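Peer 1: One structure coming up, written as structure tokens, with questions to follow.
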Amino acid sequence: MSKLVASTFIDKGSIWLYLDDELIAKGSETVTMDLPAEEEFILHWFVKAPKGTTYSISISSPKEAQYQLTKITKESGKDFGIFTFSF
Numbered sequence: 001m002s003k004l005v006a007s008t009f010i011d012k013g014s015i016w017l018y019l020d021d022e023l024i025a026k027g028s029e030t031v032t033m034d035l036p037a038e039e040e041f042i043l044h045w046f047v048k049a050p051k052g053t054t055y056s057i058s059i060s061s062p063k064e065a066q067y068q069l070t071k072i073t074k075e076s077g078k079d080f081g082i083f084t085f086s087f
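According to the UniProt record's numbering, the sequence shown is numbered sequentially starting from 1.
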């Protein structure tokens, strides 16, 4: 078993972070949770915020899932993304 450590940040608006089909973070926060070994995971997110809002997602553990994203919302104020990992 390994620990997932994920952080989200958004200036204004909302961000939702999911691991597979489970909501694990909403807004700006840090979460830690146990992950079973030898599985594939899908991390995905949705952002709704005013145009020009900065948001970020950081995965610091486990090492196989390390990920850093910082983006600025476009004209629509909406964004989404996906990241897969396994260990």
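We put the beta carbon where it would ideally sit given N, CA and C, even for glycine. Predicted model, so just to flag it, every value in this text is computed and none were measured.
Kindly list the residues whose CB is nearer than 8 Å to the CB of residue 75, restricted to its own chain and excluding five residues on each side of it in sequence; keep chain order.
Peer 2: Excluding its 5 nearest sequence neighbours in each direction, residue 75 has C-beta neighbours in its own chain below 8 Å: 51, listed in chain order.
Peer 1: Please classify residue 15 as buried or exposed, where buried requires at least 16 neighbouring CB atoms within 10 angstroms.
Peer 2: buried
Peer 1: Quick check: what's the CA-CA separation for residue 62 versus residue 28?
Peer 2: 20 Å
Peer 1: With distances taken Cα to Cα, identify the nearest neighbour of residue 47 among 35, 32, 79.
Peer 2: Out of 35, 32, 79, the CA that lies nearest to the CA of residue 47 is found in 79.
Peer 1: What are the start and end residues of the beta strand (DSSP E) that includes residue 7?
Peer 2: 2-10
Peer 1: Kindly list the residues whose CB is nearer than 7 Å to the CB of residue 71, restricted to its own chain and excluding five residues on each side of it in sequence; keep chain order.
Peer 2: 55, 79
Peer 1: To the nearest angstrom, how far is the alpha carbon of residue 12 from that of residue 73?
Peer 2: Distance between residue 12 and residue 73, taken at the CA atoms: about 11 Å.
Peer 1: On the criterion of 16 or more Cβ atoms from any shown chain inside 10 Å, does residue 53 qualify as buried, or is it exposed?
Peer 2: Burial state of residue 53 is buried, judged by a 10 Å Cβ sphere holding 16 or more other Cβ atoms.
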